[in-house]
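Worksheet for the structure shown next.
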Amino acid sequence: DLYRRSGRFAATVEPKLVKLEQNRVDLVFEIAEGKKTGVSSINFVGNEHFDSSELRDVIATRESAWWRFFSSSDYYDPDRMTYDKELLRKFYLSQGYVDFRVLSAVAELTPDRGNFFLTYTLEEGPRYKFGKIALNSEIKGLDIDKLKQHLTIHQGDWYDANQIEKTITALTTVLGDKQYAFVNVVPVPDRHPDARTVDITLTIKQGERVYVGRVNIT
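Note that the sequence shown covers residues 2 to 219 in my numbering.
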């Protein structure tokens with residue numbers, strides 16, 4: 002398991018017993034490490050709006066090549082493959098594909114145990130646009146109209162999860178400058194599959210206060 006985690010799927014471990022006097026034995030593990038198992042090819046199935054070369058640039062795993070001798074990104078790692086699925090999901094969400102799913106991610110080892118073929122089966126779904134954008138506040142005294150100037154998402158634009166995060170960061174920063182240090186901006190999406198739009202309601206809530214308990218000067 003340890004060798005596989007480091008990309009050496011061809012490694013073998015053979016335990017041997019060496020009998021000694023007085024009913025004792027030495028236990029010896031003979032290990033053949035083998036070469037690191039590379040990624041021969043990365044394939045995508047079900048991608049209609051982005052070609053495979055674009056998606057290969059999105060994920061962290063790379064196909065094996067001779068010039069990548071200083072990198073470990075072209076060796077198979079199941080944890081990295083899980084991370085790649087999340088990178089694909091974030092990429093599609095930033096492009097408006099709200100219903101995107103990775104149906105399967107399969108790693109096939111070649112008979113000589115020297116390389117892997119990675120195959121991702123995708124379901125892209127339709128592309129969505131932003132619908133109505135609403136901003137509410139549970140904190141009294143906030144000027145909602147002025148805060149709307151800092152929104153980076155607008156009705157009619159293609160849905161982009163990254164822009165929602167940027168809007169939340171911008172609102173949090175502005176409220177912090179106005180001495181509202183303990184706030185949470187919570188986005189609530191409302192998807193309309195028939196119209197292919199997503200309404201977003203941003204609610205400003207009072208967060209839990211954190212107090213300074215002690216100050217040390219050294």
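Built from N, CA and C at the ideal position, the CB exists for glycine as well.
All values derive from a computational prediction rather than experimental measurement.
Completely contained beta strand (DSSP E) runs for the region 130-212, where each covers 3 or more residues
Taken in chain order, the whole beta strand (DSSP E) runs of length 3 or more contained in the region 130-212 are 130-138, 184-193, 198-207.
Can you say whether A182 is buried or exposed, counting buried as having 16 or more other CB atoms within 10 angstroms of its CB?
Against the sequence shown, residue 182 aligns to sequence position 181. A182 comes out exposed.
Assuming I140 and Q156 form a contact by the criterion Cβ under 8 Å, report the distance between their Cβ atoms to the nearest whole angstrom.
Here the question's residue 140 lines up with position 139 in the sequence shown. Here the question's residue 156 lines up with position 155 in the sequence shown. About 25 Å separates the two Cβ atoms, so there is no contact after all.
Under the rule that 16 or more other beta-carbon atoms within 10 Å means buried, what is V14, buried or exposed?
Start at 1 with the first residue of the sequence shown, and residue 14 comes out as number 13. With fewer than 16 neighbouring CB atoms inside 10 Å of its own CB, V14 falls in the exposed class.
Anyone know if the C-beta pair for L136 and L203 falls short of 8 Å?
Taking the sequence shown and counting its residues from 1, one reaches residue 136 at position 135. Taking the sequence shown and counting its residues from 1, one reaches residue 203 at position 202. Yes, the Cβ-Cβ distance between L136 and L203 is below 8 Å.
Between D1 and E166, what straight-line distance do the alpha-carbon atoms span, to the nearest angstrom?
Beyond the ends of the chain as shown, which are 2 and 219, falls residue 1; an answer cannot be given.
Here's the rule I'm using: 16 or more other beta-carbon atoms within 10 Å means buried, otherwise exposed. How should F30 be labelled?
In the sequence shown, the residue the question calls residue 30 occupies position 29. The residue in question, F30, is exposed, as its Cβ has fewer than 16 Cβ neighbours within 10 Å.
Return the first residue and the last residue of the beta strand (DSSP E) that E31 is part of.
One-based indexing of the sequence shown puts residue 31 at position 30. Run containing E31: 25-33, per the beta strand (DSSP E) assignment.
If you follow the alpha helix (DSSP H) that K86 is part of, which residue opens it and which one closes it?
Your numbering for residue 86 matches position 85 in the sequence shown. Residues 79-95.
Identify, in the order they occur along the chain, each residue of the same chain with its Cβ nearer than 6 Å to the Cβ of I60, setting aside the five sequence neighbours on each side.
Counting from one through the sequence shown, the residue named residue 60 turns up at place 59. D85, L88, listed in sequence order.
Could you check where the alpha helix (DSSP H) with R6 kicks off and where it finishes?
As a first step, residue 6 must be located in the sequence shown, where it is residue number 5. Secondary structure note for R6: its alpha helix (DSSP H) is the uninterrupted segment 3-6.
In the DSSP output, what is P16 paired with across the bridge?
As a first step, residue 16 must be located in the sequence shown, where it is residue number 15. P16 has F30 as its beta-bridge partners, per DSSP.
Is T198 near G132, with beta carbons less than 8 Å apart?
Working through the sequence shown from its first residue, we reach residue 198 at position 197. Working through the sequence shown from its first residue, we reach residue 132 at position 131. Cβ atoms of T198 and G132: closer than 8 Å.
Same chain only: Cβ atoms within 7 Å of Q207, ignoring 5 sequence neighbours per side:
In the sequence shown, residue 207 corresponds to position 206, counting from 1. The answer, listed in chain order, is E139, I140, F183, V184.
Can the beta-carbon of H151 be found less than 8 Å from the beta-carbon of V189?
If you number the sequence shown from 1, residue 151 lands on position 150. If you number the sequence shown from 1, residue 189 lands on position 188. For H151 and V189, no; Cβs fall outside 8 Å.
Who are H44's beta bridge partners in DSSP?
Locating residue 44 in the sequence shown gives position 43, counting from the first residue. Contrary to the premise, residue 44 reads as Asn rather than His in this sequence. Looking at the DSSP assignment, N44 forms a beta bridge with T120.
Report all residues from its chain with a CB closer than 6 Å to the CB of K20; omit the five preceding and five following residues, and keep chain order.
What you label residue 20 is simply residue 19 of the sequence shown in a count that begins at 1. Once the five neighbours on either side are set aside, the close Cβ partners of K20 are V26.
Endpoints, beta strand (DSSP E) assigned at R57
As a working mapping, residue 57 is identified with position 56 in the sequence shown. Run containing R57: none in the beta strand (DSSP E); it sits in the alpha helix (DSSP H), 53-59.
Closest by CA to R114, which one among Y76, K147, V103?
Here residue 114 refers to the residue found at position 113 of the sequence shown. Closest by alpha carbon: Y76.
Over the uninterrupted beta strand (DSSP E) stretch that includes V103, give me the two end residues.
Within the sequence shown, the letter at position 102 stands for residue 103. Its beta strand (DSSP E) spans residues 102-110.
Between L3 and F101, what straight-line distance do the alpha-carbon atoms span, to the nearest angstrom?
Position 2 of the sequence shown, counted from the first residue, corresponds to residue 3. Position 100 of the sequence shown, counted from the first residue, corresponds to residue 101. The alpha-carbon atoms of L3 and F101 are separated by roughly 34 Å.
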